[in-house]
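What follows is one structure encoded as structure tokens, with my remarks underneath.
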């Protein structure tokens, strides 16, 4: 209900802004709708493909958030995963096919986890805000991608700043009749699993307790808060890394700069709009993917800059925040992330 | 032989110092603003957004003269933080998420406006403020024509340091501000209007963020490009931590970061065969290490973020 309200508010702000800037808002929103849901192809091969990284990263952010930590460095972990998957993927020529598919993705998961390892260590051992440390590493990751595609991983021809395509048998298969790779099913399963772990197991309860009130959780003597934070942060990093890996092995097949159109940030809106519920993340992920593919269509058809969709996302987040505080149910999970060191 | 090398190295070094100061100045303004906010207990992750808005506003406003550009950049940052004040301080929403959302909004808004301008064939470029030579200092050999040959905005930046220090430590308002950051309940009980003080603090932080973006454009780059602040707003937040929430410390941290960033120009001039991206990464990595050093003994305001 609140989610629908937030979305309507976001789209209204966009419509008003477009009208003020002299565009035909009706035409623009129509283009957006057609671009996102207008055809079977648009739905499966544009919107749902784009939803995969958003859902996956959104799951990771929700997971960490439930434990009271805020990972805004998913963009960096995504790139770390993409670099690892590319590096492994281009040298799988002649490998046994199932290995050629899984090894790059496993590498991506590990890379994502490693990328968040330092901020995690800083947070747990030294109390450095994970918000700042994960963010700083985003810029390092972007520079690293640039270094890779102009250096070690540049295509053999050496013309463009991009990698060679990964081996054909290292690519994720598509679902019949679409360009939607099987990663979509994996993501659906993962969100079911996360919902189960968080909602139905003792461990999940402990994680949520640590997020809701770390001091109480610690004093209870039954909950090792630091260890939970490590799992939450590294887990969310791994999911972002996997998202980067699947983007390579299921969508682009090669690494280049600006591979991510801000997935790491959009996923924050995805997680918040879903109110950190892993099952709802699927829905909100598809929704934001639709917004973004719709925005690209809007740019093609009506020359409206696609960046304007970020404004919609921001309004959605703010409206969710406001309704939260109106209903006096402020995020209990958020009491620590801001810096009780 | 040595006579031929030494002067060039000196020239390089003074050039390095000059660019370190130039790079540091937008960071310093933003960090000072963030520090004021944080001393009142408000962490502002919308700083990056304020800088971006300020940068674009400076370009748009400069058509009525460069100082109008400066004024409008300040206004843009302040307006963005009005939303922060309403949502987070008055409705009690989470500060970190609110700030992130505002940065996202600014990314979208400035991105859309600049894309639209480019599509319309307009280049978002302006004349930067000309470098001004300081009296006396400007006559020092070597240093004079380089280090003391900066844009007027850069000098003003460094003037802000004592101004902010005075405001924070020598005025009644500064005392109230710090009380709000350490113990809002105690401040409230003593009759301080905590929300009012925090609102003022966050608006100052937004104004500084906007001015920082304006300085970036009008003293350095001379043009607006999408995402041009490249995380400087977040770096400024790290600088506040490194500077231990003190104006002087913040200035030293900003200059250090400026120096690290300017290293890339220095090494490029030396023509070392090292990928330039390594120098792009270096400041962020070193900031991370430096943050580790501040760790548990940090002087963070006790009520930061709440």
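Chains as they are written, first to last, in our numbering: chain C, 422 to 762; chain W, 676 to 981.
Virtual Cβ for every residue (Gly too), placed ideally from N, Cα, C.
All of these numbers come straight from a predicted model, not from anything done at the bench.
Please determine, among W:794, W:802, W:722, W:728, the residue with the shortest C-alpha to C-alpha distance to residue 742 (chain W).
Position 67 of the second chain, counted from the start, is the residue given in the question as residue 742 (chain W). The shortest C-alpha separation from residue 742 (chain W) is found at W:802.
Could you name the residues of the same chain whose beta carbon sits closer than 6 Å to that of residue 720 (chain W), not counting the 5 residues immediately before and after it, in chain order?
For the purposes of this step, residue 720 (chain W) is taken as the residue at position 45 of the second chain. The answer, listed in chain order, is 771, 774, 775.
Near residue 800 (chain W), what residues of its chain come up, given a Cβ to Cβ distance below 7 Å and the 5 sequence neighbours on each side ignored?
As a first step, residue 800 (chain W) is located in the second chain; it is residue number 125 there, counting from the start. Correct list, in chain order: 897, 898.
Give the C-beta separation of residue 771 (chain C) and residue 655 (chain C) to the nearest angstrom, bearing in mind that I take them to be a contact with Cβ-Cβ under 8 Å.
There is no way to answer for residue 771 (chain C), as the model of chain C reaches only from 422 to 762.
Going by the beta-carbon positions, is the gap between residue 1001 (chain W) and residue 786 (chain W) smaller than 7 Å?
This structure cannot speak to residue 1001 (chain W), because chain W is shown only from 676 to 981.
Which residues of the stretch 930-955 of chain W have a Cβ closer than 8 Å to any Cβ of chain C? Give them in chain order.
Listed by position along the chain: 950, 952, 953, 955.
For residue 798 (chain W), decide whether its Cβ has a neighbour in chain C, counting only Cβ atoms nearer than 7 Å.
On the second chain, position 123 is the one that residue 798 (chain W) refers to. So no, residue 798 (chain W) is outside the interface.
Do we get a CB-CB distance below 7 Å when we pair residue 827 (chain W) with the residues of chain C?
Stepping through the second chain from its first residue, residue 827 (chain W) is reached at position 152. With 7 Å as the cut-off, residue 827 (chain W) does not count as an interface residue toward chain C.
Any C-beta of chain W sitting closer than 7 Å to the C-beta of residue 457 (chain C)?
What you label residue 457 (chain C) is simply residue 36 of the first chain in a count that begins at 1. Residue 457 (chain C) does not count as touching chain W.
Assuming residue 474 (chain C) is part of the alpha helix (DSSP H), what are its boundary residues?
On the first chain, position 53 is the one that residue 474 (chain C) refers to. Start and end: 470-487.
For residue 709 (chain C), return the contacting residues in chain W, with the cut-off set at a CB-CB distance below 7 Å.
By 1-based counting over the first chain, the position of residue 709 (chain C) is 288. Chain W residues near residue 709 (chain C): none, gap ~12 Å exceeds 7 Å.
Go to residue 860 (chain W), then tell me how far its alpha helix (DSSP H) extends in each direction, as first and last residue.
As a first step, residue 860 (chain W) must be located in the second chain, where it is residue number 185. 859-864 is the span of the alpha helix (DSSP H), which, as asked, contains residue 860 (chain W).
If we count the other Cβ atoms within 10 Å of its Cβ and call it buried at 16 or more, is residue 714 (chain C) buried or exposed?
Counting from one through the first chain, the residue named residue 714 (chain C) turns up at place 293. Residue 714 (chain C) should be labelled buried.
Helix or strand or just coil, what does DSSP make of residue 581 (chain C)?
Here residue 581 (chain C) corresponds to residue number 160 of the first chain, with the count starting at 1. In the structure shown, residue 581 (chain C) sits in coil (DSSP, three-state: anything other than H, G, I, E or B).
Give every residue of the same chain whose Cβ lies closer than 7 Å to the Cβ of residue 699 (chain W), excluding the five residues on either side of it in the sequence, and list them in chain order.
Taking the first residue of the second chain as 1, we reach residue 699 (chain W) at position 24. Excluding residues within five positions, the ones whose Cβ falls inside 7 Å are 929, 930, 932, 933.
Using C-beta distances below 7 Å, list every residue in its chain close to residue 615 (chain C), excluding the 5 sequence neighbours before and after it, in chain order.
Position 194 of the first chain, counted from the first residue, corresponds to residue 615 (chain C). For residue 615 (chain C), where only same-chain residues beyond five positions count, the Cβ hits under 7 Å are 480, 484, 699.
Scan the stretch 562-593 of chain C for residues whose Cβ lies nearer than 8 Å to a Cβ of chain W and list them as they occur along the chain.
Cβ contacts with chain W come from 564, 565, 567, 568, 571, 572.
Any beta carbon of chain W sitting closer than 7 Å to that of residue 738 (chain C)?
To locate residue 738 (chain C), count along the first chain from 1; it is residue 317. It does; some Cβ of chain W falls within 7 Å.
By Cβ distance, which residues of its chain are closer than 6 Å to residue 661 (chain C), with the 5 residues on each side in sequence left out?
For the purposes of this step, residue 661 (chain C) is taken as residue 240 along the first chain, with counting starting at 1. The residues are 478, 481, 495, 498, 499, 533.
Could you confirm whether any beta carbon from chain C is found closer than 7 Å to the beta carbon of residue 864 (chain W)?
Locating residue 864 (chain W) in the second chain gives position 189, where the first residue counts as 1. No, no contact with chain C.
Does the beta-carbon of residue 975 (chain W) have 16 or more other beta-carbons within 10 angstroms, so that it is buried, or is it exposed?
For the purposes of this step, residue 975 (chain W) is identified with residue 300 of the second chain, where counting begins at 1. It is buried - the Cβ of residue 975 (chain W) has at least 16 other Cβ atoms within 10 Å.
Residue 453 (chain C): which of C:738, C:742, C:716 sits nearest, CA to CA?
Counting from one through the first chain, the residue named residue 453 (chain C) turns up at place 32. When only C-alpha atoms are compared, the closest one is C:716.
Quick one: does residue 556 (chain C) have its CB under 7 Å from some CB of chain W?
In the first chain, the residue the question calls residue 556 (chain C) occupies position 135. It does: the Cβ of residue 556 (chain C) has a partner Cβ on chain W nearer than 7 Å.
Go ahead and pull the three-state DSSP assignment for residue 983 (chain W).
This structure gives no information on residue 983 (chain W), because the portion of chain W shown stretches from 676 to 981.
For residue 1005 (chain W), which residues of its own chain have a beta-carbon under 7 Å away from its beta-carbon, when the five flanking residues on both sides are left out?
Nothing about residue 1005 (chain W) can be read from this structure; chain W reaches only from 676 to 981.
Whole angstroms are fine: how far does the CA of residue 426 (chain C) sit from the CA of residue 740 (chain C)?
Numbered from its first residue, the first chain carries residue 740 (chain C) at position 319. Numbered from its first residue, the first chain carries residue 426 (chain C) at position 5. Cα-Cα distance, rounded: 8 Å.
Using a Cβ cut-off of 7 Å, pull out every chain W residue sitting near residue 686 (chain C), in sequence order please.
For the purposes of this step, residue 686 (chain C) is taken as residue 265 along the first chain, with counting starting at 1. Going along chain W in sequence order, the residues near residue 686 (chain C) (Cβ under 7 Å) are 779.
For residue 726 (chain C) and chain W, any beta-carbon pair shorter than 7 Å?
By one-based count along the first chain, residue 726 (chain C) stands at place 305. So yes, residue 726 (chain C) belongs to the interface.
Would a check of beta-carbon distances place residue 435 (chain C) closer than 7 Å to chain W?
One-based indexing of the first chain puts residue 435 (chain C) at position 14. For residue 435 (chain C), the answer is no, since every Cβ of chain W falls outside 7 Å of its Cβ.
Check the Cβ of residue 783 (chain W) against every Cβ in chain C and list those closer than 8 Å, keeping chain order.
Position 108 of the second chain holds residue 783 (chain W). Within 8 Å Cβ-Cβ: 728, 729, 730, 731, 732, 733, 734, 735.
Can you find a C-beta in chain W that's less than 7 Å from the C-beta of residue 429 (chain C)?
Taking the first residue of the first chain as position 1, residue 429 (chain C) is located at position 8. It does not; no Cβ of chain W falls within 7 Å.
Flag residue 545 (chain C) as yes if its beta-carbon sits less than 7 Å from any beta-carbon of chain W, otherwise no.
Walking along the first chain from the start, residue 545 (chain C) turns up at place 124. No - not a single Cβ of chain W is within 7 Å of the one on residue 545 (chain C).
Can you check whether the CB of residue 555 (chain C) is closer than 7 Å to the CB of residue 540 (chain C)?
Residue 540 (chain C) sits at position 119 when you count from the first residue of the first chain. Residue 555 (chain C) sits at position 134 when you count from the first residue of the first chain. Yes.
Determine whether the beta carbon atoms of residue 887 (chain W) and residue 701 (chain W) lie at a separation below 7 Å.
Translated into the one-based positions of the second chain, residue 887 (chain W) becomes position 212. Translated into the one-based positions of the second chain, residue 701 (chain W) becomes position 26. The answer is yes: Cβ separation under 7 Å.
In the DSSP assignment, find the unbroken alpha helix (DSSP H) run with residue 635 (chain C) in it and report its ends.
Stepping through the first chain from its first residue, residue 635 (chain C) is reached at position 214. That run of the alpha helix (DSSP H) goes 635-640.
Compare the C-alpha of residue 501 (chain C) against each of C:674, C:708, C:725, C:666 and name the closest.
Here residue 501 (chain C) corresponds to residue number 80 of the first chain, with the count starting at 1. Residue 501 (chain C) has its Cα closest to that of C:666, out of C:674, C:708, C:725, C:666.
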